[in-house]
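Top to bottom, those sequences are chains A and B. Note that my numbering numbers the first sequence so that position 183 is 183, with each residue one more than the last. In my numbering, each number is its position in the second sequence, counted from 1, plus 372. Read through the structure below, which is laid out as structure tokens, and then see the notes.
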Amino acid sequence: MSTQAVPPSVAQAFLRTETLTAEPPPPRPRLDLVKALFGDLATSLATLLIAALVILALPKLLSWGVVNAVWSGEGAACTGVGACWAFLRDKHPQILFGIYPPEEQWRPMLVVAIFLGLSLWSLSPRHWTRVTLAAWVIGTAAVLVLMGGGLFGLEEVSTSDWGGLPITLLLTVSSLGLGFPLAVVLALARQSDLPVPRMIAVALIEIVRGLPLLSILYVAAIMLPIMLPEGVTIDKLLRALVALTVFSAAYLAEVLRGGLQAIPPGQAEAARALGLSWLQTTRLVVLPQAIAKVIPPLTNTVVVIVKNTSLVLVVGLFDLLSSGRAALADPAWPGPYAETYLFIALIYFAICFSVSRYAAWLERRAAFGVRR
Amino acid sequence: MTDIPAAVELSGVHKWYGDYHALRDVTLSVASGEKIVVCGPSGSGKSTMIRCVNRLEAHQRGHIRVAGVELTGDPKTIDATRREVGMVFQSFNLFPHLTILENCTLAQTWAKKVPQKAAQETAMRYLERVRIPEQASKYPGQLSGGQQQRVAIARSLCMDPKVMLFDEPTSALDAEMVKEVLDIMVELAAEGMTMICVTHEMGFARQAADRVVFMDAGQILEVAPPAEFFAAPRHERTRQFLAQVLH
Chain A
1 MSTQAVPPSV AQAFLRTETL TAEPPPPRPR LDLVKALFGD LATSLATLLI
51 AALVILALPK LLSWGVVNAV WSGEGAACTG VGACWAFLRD KHPQILFGIY
101 PPEEQWRPML VVAIFLGLSL WSLSPRHWTR VTLAAWVIGT AAVLVLMGGG
151 LFGLEEVSTS DWGGLPITLL LTVSSLGLGF PLAVVLALAR QSDLPVPRMI
201 AVALIEIVRG LPLLSILYVA AIMLPIMLPE GVTIDKLLRA LVALTVFSAA
251 YLAEVLRGGL QAIPPGQAEA ARALGLSWLQ TTRLVVLPQA IAKVIPPLTN
301 TVVVIVKNTS LVLVVGLFDL LSSGRAALAD PAWPGPYAET YLFIALIYFA
351 ICFSVSRYAA WLERRAAFGV RR
Chain B
373 MTDIPAAVEL SGVHKWYGDY HALRDVTLSV ASGEKIVVCG PSGSGKSTMI
423 RCVNRLEAHQ RGHIRVAGVE LTGDPKTIDA TRREVGMVFQ SFNLFPHLTI
473 LENCTLAQTW AKKVPQKAAQ ETAMRYLERV RIPEQASKYP GQLSGGQQQR
523 VAIARSLCMD PKVMLFDEPT SALDAEMVKE VLDIMVELAA EGMTMICVTH
573 EMGFARQAAD RVVFMDAGQI LEVAPPAEFF AAPRHERTRQ FLAQVLH
């Protein structure tokens, strides 16, 4: 028994005489649809349940949205049986541009085109240059002139008459375009060894985060004019814009701080050891990596910021959502809420979905050649 | 004595981390072209000492002069000194978001205002010297540890430093890659670069060092030429250390 304590195959020495060449992997198993849908009892039940829901809901949805829908005509044509798409056909300028003078609506249209064009141009990181930054500054100035008028023979339109998509875009561009640089400053200040900037940043971030956006907007819209000395007025749109920008900056700053903390200190040390200044180190070495690391939570915050702009309706500004609600108030129509909100939801979805797909693309690109 | 200032001169340097006395009366003068290897157990203050030389750490007492210029809190002096002193880290610290070439041109173009094209030529020259010009367009994450460390050396050399500091440059490397980095360091030493190397590679110390510095508990215990240092260490603590390191 004890003579064979170790099996001979283990005890033998081994020397490979030929090298194995790499072979292709075995084929991937194909997706079996039947198995995927009816593989076991739980799966089968889930499949049947979802199928039943679709079969129940789809005909009603089709009959409401397509078969019985009213596609054109006046308010009286909408009986309530089907969707009243005629309302959108008639009212979409008012939903999109609010109470902006109808004969001047080419101006907000052009504004939307400018923002869209600038955004599309800025997608490629190759275009992240000073020229693009200047284009945004000039573009935004052009937008303000176009909307407000009073220059170049354009009829003057008060900001209280601005509305719809241009307001939403303007608020978004400001919350992100001004909020992001402010967030960078706040995040860096919060990380700083200097006590005063750090305390200011901590105080601002904590106060803003501790308050609901609605209350900040109320303070900006209602309290601020009371607190200002007599004769000094600040435009309501501007006040809301500042409130949203500061609010966004506080949230973005905290996301960025997470990224900054994830960068090993050796990165900044190596940059400083090469003779780069603190500012150059931060701008060229630390921030690019920190931002790349927090693209997913940053996207999340950006999407929330886009939708936050709709809250300005509480202070009487007519963004896209409140313009839609205003359009619904027309007594000539039976108030097609679902149709209007679907239309507005579609626009928000288009914006937010584009943002998140773009961010996913950026994230893959920021892998810096490392396969993940 | 000549009037030529030492490349690096530390005199009576003390440093504390909180209450911990990390450097205690460290005095060392490194002549231009001299190669110094610093060894000692971990926590002995070796890294702290060389990190004080380019002021990644600030000393609290004593004087440090680099090429005759005293390091104080003055940011201008610090930035100027850092451009004269190259540093190679244990963890390479290449910038992962930049290509190898960009890693080598970044500080040239921003800190020294060298035009882009000239900076790239310099970078390629040094990448050829460390024998990886073909990797110039890759990202650090695509290179092996040894390759990354060689890039880090090239990146420092691009700034045309008068002194090179090495902080355990081979400690994070797989055994197979240590030699390719040491070979570059030996070549650099042979070319007359002033070097201060914290390393456990005693073979390198024997081959390239002019003097070996032994540190323990924040103090320099022994300084000797390598032949003497390894054959006849004088301090008891040095003998203990060498008995552990050389087997």
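A virtual CB, placed ideally from N, CA and C, is assigned to each residue, including glycine.
Buried or exposed for residue i, please, with buried defined as at least 16 other CB atoms from any protein chain shown within 10 angstroms of its CB.
{"i": "A:Pro212", "result": "exposed"}
{"i": "B:Gln480", "result": "buried"}
{"i": "B:Met373", "result": "Any reading at B:Met373 must be qualified, since the residue scores a pLDDT of 47, below 50, and its modelled position is unreliable; the value itself is stated next. Exposed, since its Cβ has fewer than 16 Cβ neighbours within 10 Å."}
{"i": "A:Met1", "result": "Any reading at A:Met1 needs caution, since the residue's pLDDT is 48, under 50, leaving its predicted position unreliable; the model's value is listed next. Exposed: under 16 other Cβ atoms inside 10 Å."}
{"i": "B:Gly417", "result": "buried"}
{"i": "A:Trp162", "result": "buried"}
{"i": "A:Leu298", "result": "buried"}
{"i": "A:Arg371", "result": "Note that A:Arg371 scores a pLDDT of 48, beneath 50, so its modelled location is shaky and nothing firm can be said."}
{"i": "A:Ala271", "result": "buried"}
{"i": "A:Thr168", "result": "buried"}
{"i": "B:Pro541", "result": "buried"}
{"i": "A:Leu171", "result": "buried"}
{"i": "B:Ala604", "result": "exposed"}
{"i": "A:Ala52", "result": "exposed"}
{"i": "B:His431", "result": "buried"}
{"i": "A:Thr17", "result": "exposed"}
{"i": "A:Ser44", "result": "exposed"}
{"i": "A:Glu206", "result": "exposed"}
Going along chain B, which residues have a C-beta under 7 Å from residue i?
{"i": "A:Phe368", "result": "Pro468, His469, Tyr511 and Gly513"}
{"i": "A:Pro288", "result": "His469"}
{"i": "A:Ser277", "result": "Asp451"}
{"i": "A:Ala292", "result": "His469"}
{"i": "A:Ala270", "result": "Phe461 and Asn465"}
Is the CB-CB distance between residue i and residue j below 8 Å?
{"i": "B:Glu559", "j": "B:Gly518", "result": "no"}
{"i": "A:Gly237", "j": "A:Gly179", "result": "It should be noted that the sequence gives Leu, not Gly, for residue 237 of chain A. No."}
{"i": "A:Val339", "j": "A:Phe87", "result": "Residue 339 of chain A is actually Glu in this sequence, not Val. Cβ distance < 8 Å, so A:Glu339 and A:Phe87 count as in contact."}
{"i": "B:Ile525", "j": "B:Val570", "result": "no"}
{"i": "A:Gly275", "j": "B:Arg454", "result": "yes"}
{"i": "B:Phe601", "j": "B:Val584", "result": "yes"}
{"i": "A:Ser119", "j": "A:Thr132", "result": "no"}
{"i": "A:Val219", "j": "A:Pro166", "result": "no"}
{"i": "B:Arg578", "j": "B:Pro597", "result": "no"}
{"i": "B:Lys387", "j": "B:Leu400", "result": "no"}
{"i": "B:Val402", "j": "B:Val380", "result": "yes"}
{"i": "A:Ala221", "j": "A:Ala203", "result": "no"}
{"i": "A:Glu155", "j": "A:Gly164", "result": "no"}
For a contact defined as C-beta to C-beta under 9 Å, what are the partners of residue i on chain B?
{"i": "A:Val285", "result": "Phe467, His469, Leu470 and Leu478"}
Quick check: is the beta carbon of residue i nearer than 8 Å to any beta carbon in chain E?
{"i": "A:Leu274", "result": "Of the protein chains in this structure, namely A and B, none is chain E."}
Can you give the beta carbon distance from residue i to residue j, rounded, assuming they're within the 8 Å contact cut?
{"i": "B:Thr494", "j": "B:Met536", "result": "Between B:Met536 and B:Thr494 the Cβ distance is about 16 Å, and since that is not below 8 Å, they are no contact."}
{"i": "B:Asp555", "j": "B:Ile408", "result": "That belief does not hold up - the Cβ atoms of B:Asp555 and B:Ile408 are roughly 19 Å apart, past 8 Å."}
{"i": "A:Gln267", "j": "A:Gln289", "result": "7 Å"}
{"i": "A:Ile200", "j": "A:Ala187", "result": "About 13 Å; that fails the 8 Å criterion."}
{"i": "B:Leu382", "j": "B:Ile436", "result": "5 Å"}
{"i": "A:Gly259", "j": "A:Ile305", "result": "Contact doesn't hold; Cβ gap of about 17 Å is too wide."}
{"i": "A:Arg209", "j": "A:Ala273", "result": "Not confirmed; about 36 Å, so no contact."}
{"i": "B:Gly590", "j": "B:Pro533", "result": "Not a contact, Cβ separation roughly 27 Å."}
{"i": "B:Gln521", "j": "B:Phe467", "result": "With a Cβ gap of about 14 Å, B:Gln521 and B:Phe467 do not count as contacting."}
{"i": "A:Leu176", "j": "A:Ser124", "result": "In fact, because the Cβ distance is near 18 Å, the residues do not count as touching under 8 Å."}
{"i": "A:Ala326", "j": "A:Gly98", "result": "7 Å"}
{"i": "B:Ser528", "j": "B:His572", "result": "Actually they are not in contact, since the Cβ atoms of B:Ser528 and B:His572 sit about 21 Å apart, beyond 8 Å."}
Listing by chain order, which chain B residues have their CB less than 8 Å from the CB of residue i?
{"i": "A:Ala52", "result": "Near A:Ala52 there are no residues of chain B at all, since even the closest Cβ is about 50 Å away, more than 8 Å."}
{"i": "A:Gln280", "result": "Trp482 and Ala483"}
Which residues of chain A have a Cβ atom closer than 8 Å to the Cβ of residue i, listed in chain order?
{"i": "B:Leu560", "result": "Those within 8 Å of B:Leu560 in chain A number zero; the least Cβ separation is about 17 Å."}
How about residue i: is its Cβ closer than 7 Å to a heavy atom in the ligand COA?
{"i": "B:Arg427", "result": "This structure lacks the ligand COA; in fact it carries no ligand of any kind."}
Residues in the stretch 448 to 463 of chain B having any Cβ partner in chain A nearer than 7 Å: Asp451, Arg454, Arg455, Met459, Phe461 and Ser463
Residues of the stretch 474 to 503 of chain B with Cβ closer than 8 Å to any Cβ of chain A, in chain order: Leu478, Ala479, Trp482, Ala483 and Lys484
Contact list for the stretch 529 to 546 of chain B against chain A, Cβ threshold 9 Å: Cys530, Met531 and Leu537
Interface residues of the stretch 398 to 429 of chain B facing chain A [CB-CB below 7 Å]: Asn426 and Leu428
Members of the stretch 244 to 268 of chain A that neighbour chain B once the beta carbon cut-off is set at 8 Å: Result list: Pro264, Gly266 and Gln267.
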